[in-house]
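These notes concern the structure reproduced below.
Chains as they are written, first to last, in this note's numbering: chain L, 2 to 383; chain Z, 73 to 183.
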């Protein structure tokens, strides 16, 4: 037996022993059936479609397709776009300004709307009390987050701070009262609804789940501006998109060296892990590849008060200063950090934490430089 | 030709109920959403509903016969306030949507 043959045999043995290649950004979860992989592939085509006014785009929109924003480092990833949201918070009640066109303020118009109303973007709602900037979130692993049972999320809630650790954690609720988990304010209950709503709010593409266009800053759409019959995509196109997003895997975290392992310890020791819960487990699912799966989530999907410096808009039961704990998934590929992208490094992001996270922030700031670097190295492995 | 009496009988069975039954009831709709505005004097209510980020307002009327309740106890329209989560069973009439029943839901137990 030659050396080469021995090497090949060894490699084969390793593979047979279950040595799995790390999942890269944009990969599907492991264990999908051939039919599910086919839907992932076909869903990616819809996700990456560029819509035009002739295929339903607009009249208001932020983007011409899902993949135009969620693109870095692979489809479903981050984007460099920053959009504008607005809401009014009065007397402790949040108004998402539906009567003025909703809380997503679209930045573009199709030519027919511009011609009819002379506007290049949706007017900022006059009754808004808050304005927010929102970066494009990564979508990897969202199918797993969708399947974390409500009971697990609620088990981390401590709205009255009964354990006196200064961290409360409270759930947000969708408009119909269901537990929210998607969006920076955890205002959306399910991944499918997040996607269906995004087609309409981000691209002006009506779908069977939301077959009506939103108004133009409170005005009805002028006649002749939107001639494509609603819904502008089919249920099958929506379902394929949902499956593509649902099956996007969280990339495998990088292997940690001694520094990274030290950083992981510190992450827990200084209190980051109190909200950024390292692992979550999915519940039941008809998709075996997603069922009862433990995964690195680094979130509790709850709202926490982050202090006045980060505060922007309310949404549902989230006050302007409350945000959902951001899942730390594919952090190594993030170019900007925090909900509005104000931070360009993980260190800046940590230092901008306030409110319930002030203690962890202060402990981070008090670390020796080598430990701060170790914690940062750990974050960049995710 | 021998099938004709059977076909006639079948047609009679199918057509008779349509000729003798009560008028068709207006379609009913159930909405679940967050109260946006309440105007007790006008008997009107606006709910925020929708899908994901794409929210919509649904306007409806509450009339004298509308049953409004919370935890099984009857309440008044004026007891509802913005931010409350409700389920409303409605039907479409010449006045627009009219609620037959509005139930305030405890948001923490709404799933």
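Don't be surprised by glycine CBs; every beta carbon is placed ideally from N, CA and C.
Fair warning: this is a prediction, and the values are worked out from it, not measured in the lab.
For this session: Could you tell me the distance, in whole angstroms, from the CA atom of residue 97 of chain L to the CA atom of residue 220 of chain L?
Result: 16 angstroms
Exercise. When the distance is taken between beta carbons, is residue 138 of chain L closer than 8 angstroms to residue 102 of chain L?
Worked result: no
Problem set entry | alpha helix (DSSP H) runs contained entirely in the segment 198–257 of chain L, provided each spans 4 or more residues | 236–248
Exercise. How far does the beta strand (DSSP E) with residue 140 of chain Z in it reach, from first residue to last?
Worked result: 126–142
Problem set entry | Of the residues L:231, L:224, L:195 and L:186, the one placed nearest residue 206 of chain L, counting alpha carbons only | L:231
For this session: Using alpha carbons as the reference points, say which of Z:102, Z:178 and Z:173 lies closest to residue 134 of chain Z.
Result: Z:173
For this session: Take the Cβ of residue 293 of chain L as the centre, count every other Cβ of all protein chains shown within 10 Å, and call the residue buried at 16 or more, exposed below.
Result: exposed
Problem set entry | Span separating the alpha-carbon of residue 192 of chain L from that of residue 298 of chain L | 16 angstroms
Exercise. Who pairs with residue 111 of chain L in a beta bridge, going by DSSP?
Worked result: Paired residue(s): none; residue 111 of chain L is not in a bridge.
For this session: Just mark residue 110 of chain L as buried or exposed, buried being the case when its beta carbon has 16 or more other beta carbons within 10 Å.
Result: buried
For this session: Return the first residue and the last residue of the alpha helix (DSSP H) that residue 121 of chain L is part of.
Result: Run containing residue 121 of chain L: none; DSSP gives neither H nor E here.
Exercise. How would you call residue 336 of chain L, buried or exposed, if buried means at least 16 neighbouring beta carbons within 10 angstroms?
Worked result: exposed
Problem set entry | Cβ shell of residue 88 of chain L (< 7 angstroms), same chain only, five flanking positions each side left out | 95, 96, 97, 98, 104, 129, 131, 314, 315 and 316
Exercise. Nearest-angstrom Cα distance between residue 370 of chain L and residue 196 of chain L?
Worked result: 42 angstroms
For this session: With residue 87 of chain L as the anchor, note down where its beta strand (DSSP E) starts and where it stops.
Result: 80–91
Exercise. Among the residues of its own chain, which have a CB less than 8 angstroms from the CB of residue 162 of chain L, if the five just before and after it don't count?
Worked result: 168 and 169
Exercise. In the DSSP assignment, what are the bridge partners of residue 171 of chain Z?
Worked result: Z:134 and Z:162
For this session: Establish whether the CB of residue 147 of chain Z and some CB of chain L are separated by less than 8 angstroms.
Result: no
For this session: Would you kindly check if the distance between the Cβ of residue 361 of chain L and the Cβ of residue 218 of chain L is under 8 angstroms?
Result: no
For this session: Check each candidate in L:29, L:295, L:33 and L:28 and name the one with the smallest Cα separation from residue 289 of chain L.
Result: L:33
Problem set entry | The alpha helix (DSSP H) enclosing residue 143 of chain L, as first and last residue numbers | 143–146
Exercise. Would you say residue 328 of chain L reaches chain Z, if we count a Cβ-Cβ gap shorter than 8 angstroms as a contact?
Worked result: no
Exercise. What residues of chain L sit near residue 120 of chain Z, judged by a beta carbon separation below 8 angstroms?
Worked result: 97, 99 and 176
Problem set entry | Whether residue 168 of chain Z touches residue 130 of chain Z by CB criterion (8 angstroms) | no
For this session: Compare the beta carbon distance of residue 304 of chain L and residue 173 of chain L with 8 angstroms and say whether it is the shorter of the two.
Result: yes
Exercise. Who are the near neighbours of residue 341 of chain L in its chain, counting only those whose CB is closer than 6 angstroms to its CB and skipping five residues on each side?
Worked result: 134
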